[in-house]
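Report on the following structure.
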Amino acid sequence: MQGVVYHYNPLEAEVIGKLADRYKPTLLLSTPTFLLSYIRKIKREQFKSLKYLVVGAEKLKAKIAQSFYEKFNIVPMEGYGATELSPIVSVSVPDYLFKNEDKIIHQVCYKPSKVGHPLPGEVVKVVNPRTFADLEPGRAGLLLVKGGNVMAGYLHQPELTKSVMYGDWYITGDIGNIDEDGFIQLIARQSRFSKIGGEMVPHIGVEEMIHNVLNAGDQVCVVTSVFDEKKGEKLVVLCVVDLDSQDICKKMNESNIPKLWIPRNSDFHRIENIPLLGSGKFDLSAIRKIAEEIYSGKG
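Position 242 of the sequence shown, counted from 1, bears residue number 241 in numbering that gives the first Met the number 0, the numbering being contiguous throughout.
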């Protein structure tokens, strides 16, 4: 007999660990943010029945994937989708091995940091965010999706619907690329970039660099931006722990990352917690509001 186990609060790692230990599931659906608490609070033996883990809702950071694999010996498979796309676009699956006569054929279905191939009946392409011209394999740009999974439109909001469509293509608002084998890679939401001195700076790239400098497995900071008179925008780092921002900036300066990616020492700020949506995604509006309040003197 097969079944599904639900729990209303994915943040209650201890409860989820006990449920997994009791019901012996083989597949876990989650988000990268929730994995952090599972790594910290769930015992390895409680997840021993799991064979597969599929995550979505946000980009899976390599350090989280590695930490989960090291503890539970399971490679997180990353999926991609949107509510307007019914909601799945693509998902990674394990490689497939099969015997053809006397040969073993290995079909590559998984690549680290990729979100797999589009599902049957769906087409994904990468375009220049300004001109919408198609980009060649490997080039980063704006992801568009076409197929029977695309919504008919937002209810009673034709203008809003028009703003997210390019002909038959849905404009995802995500930046990514597609390699020569058709695997999709996500980079970040278009809204998670800042235009600084005419250059696009990815917030998630700055976050990953800071976490690498700290060798931190947990999400200890989030990057956003506020208006800046000189460069258009400036990066703001909101931290849930006390950090030596001067040392972090020094080490980032010593690396080979672009200088525009490096926040100023004075733009690190301590907060109590990082606002999240119910899905586990960052609440970007709330995060930016906190930063704006800090710089307006209200925070």
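Where a beta carbon is used, it is the ideal one built from N, C-alpha and C, also for glycine.
| query | Measuring CB to CB, does residue 274 end up less than 8 angstroms from residue 290? | reply | Walking along the sequence shown from the start, residue 274 turns up at place 275. Walking along the sequence shown from the start, residue 290 turns up at place 291. For residue 274 and residue 290, no; Cβs fall outside 8 angstroms.
| query | Would you call residue 298 buried or exposed, if buried means 16 or more other Cβ atoms sit within 10 Å of its Cβ? | reply | For this step, residue 298 is matched to residue 299 along the sequence shown. In this predicted model, residue 298 has a pLDDT of only 46, less than 50, meaning its place in the structure is not dependable enough to derive any value.
| message | At the level of alpha carbons, what is the spacing between residue 307 and residue 61? | response | Nothing about residue 307 can be reported from this structure: the residues present for the chain run from 0 to 298 only.
| field | Spatial neighbours of residue 221 in its chain, beta-carbon cut-off 7 angstroms, leaving aside the 5 residues before and after | value | Translated into positions along the sequence shown, residue 221 becomes position 222. Here the set comprises 206, 237, 273, 281 and 286.
| Across which residues does DSSP place residue 232 in a beta bridge pair? | Within the sequence shown, residue 232 is the residue found at index 233, counting from 1. Note: residue 232 sits in a beta bridge opposite 226.
| One or two residues paired with residue 8 in a DSSP bridge | Along the sequence shown, one-based indexing puts residue 8 at 9. DSSP, once it has assigned bridges, lists no residue as partnering residue 8.
| task | Might you give, ordered along the chain, the residues of its own chain that have their beta carbon closer than 6 angstroms to the beta carbon of residue 295, omitting 5 neighbours on each side? | result | The residue you call residue 295 lines up with position 296 of the sequence shown. Spatial neighbours of residue 295 in its own chain (CB-CB distance under 6 angstroms, excluding positions within 5 residues in sequence) are not present.
| Opposite residue 77 in the DSSP bridges: which residues? | Taking the sequence shown and counting its residues from 1, one reaches residue 77 at position 78. Bridge partners of residue 77: 54.
| field | Range covered by the beta strand (DSSP E) that runs through residue 172 | value | Position 173 of the sequence shown, counted from the first residue, corresponds to residue 172. Unbroken beta strand (DSSP E) run through residue 172: 168 to 177.
| Candidates 113, 106 and 57: closest to residue 90 by CA position | Counting from 1 along the sequence shown, the entry for residue 90 is found at position 91. If you compare the alpha carbons of 113, 106 and 57 with that of residue 90, the shortest gap goes to 113.
| field | Euclidean distance between Cα positions of residue 29 and residue 77 | value | Taking the first residue of the sequence shown as position 1, residue 29 is located at position 30. Taking the first residue of the sequence shown as position 1, residue 77 is located at position 78. Straight-line Cα distance between these residues: approximately 10 angstroms.
| Among all the DSSP beta bridges, which residues are the ones paired with residue 204? | Stepping through the sequence shown from its first residue, residue 204 is reached at position 205. Residue 204 pairs with nothing; no bridge assigned.
| task | Pull up the CB-CB distance for residue 31 and residue 63, whole angstroms please, since I reckon it's below 8 angstroms. | result | For the purposes of this step, residue 31 is taken as the residue at position 32 of the sequence shown. For the purposes of this step, residue 63 is taken as the residue at position 64 of the sequence shown. With 8 angstroms as the limit, residue 31 and residue 63 qualify as a contact, their Cβ atoms being about 5 angstroms apart.
| task | Go through its chain and collect everything with a Cβ distance to residue 14's Cβ below 7 angstroms, but skip five positions before and after it. | result | Along the sequence shown, one-based indexing puts residue 14 at 15. Within the same chain, and ignoring the five residues on either side of residue 14 in sequence, the residues whose Cβ sits closer than 7 angstroms to its Cβ are 6.
| Nonlocal neighbours in the same chain, by C-beta distance under 8 angstroms from residue 107, ignoring five residues either side | Within the sequence shown, numbered from 1, the residue matching residue 107 stands at position 108. 94 and 180, listed in sequence order.
| So, residue 49 versus residue 24, is the Cβ gap smaller than 8 angstroms? | Counting from one through the sequence shown, the residue named residue 49 turns up at place 50. Counting from one through the sequence shown, the residue named residue 24 turns up at place 25. It is a contact, given that the beta carbons lie within the stated cut-off.
| Closest Cα partner of residue 21 within the set 126, 44, 37 and 187 | Taking the sequence shown and counting its residues from 1, one reaches residue 21 at position 22. Closest option to residue 21, Cα to Cα, is 44.
| Through-space distance from residue 98 to residue 105, alpha-carbon basis | The sequence position of residue 105 within the sequence shown is 106, counting from 1. The sequence position of residue 98 within the sequence shown is 99, counting from 1. The alpha-carbon separation between residue 105 and residue 98 amounts to approximately 9 angstroms.
| query | Is the segment 159 to 177 close to the segment 133 to 147, with three or more CB pairs under 8 angstroms? | reply | Short answer: they touch.
| query | If we call anything under 8 angstroms between Cβ atoms a contact, is residue 141 one with residue 170? | reply | Here residue 141 refers to the residue found at position 142 when the sequence shown is read from its first residue. Here residue 170 refers to the residue found at position 171 when the sequence shown is read from its first residue. For the 8 angstroms CB-CB criterion, residue 141 and residue 170 form a contact.
| said: One question on the structure: do residue 259 and residue 203 come within less than 8 angstroms of each other, judged by their Cβ atoms? | reply: Position 260 of the sequence shown, counted from the first residue, corresponds to residue 259. Position 204 of the sequence shown, counted from the first residue, corresponds to residue 203. Going by C-beta atoms, residue 259 is not nearer than 8 angstroms to residue 203.
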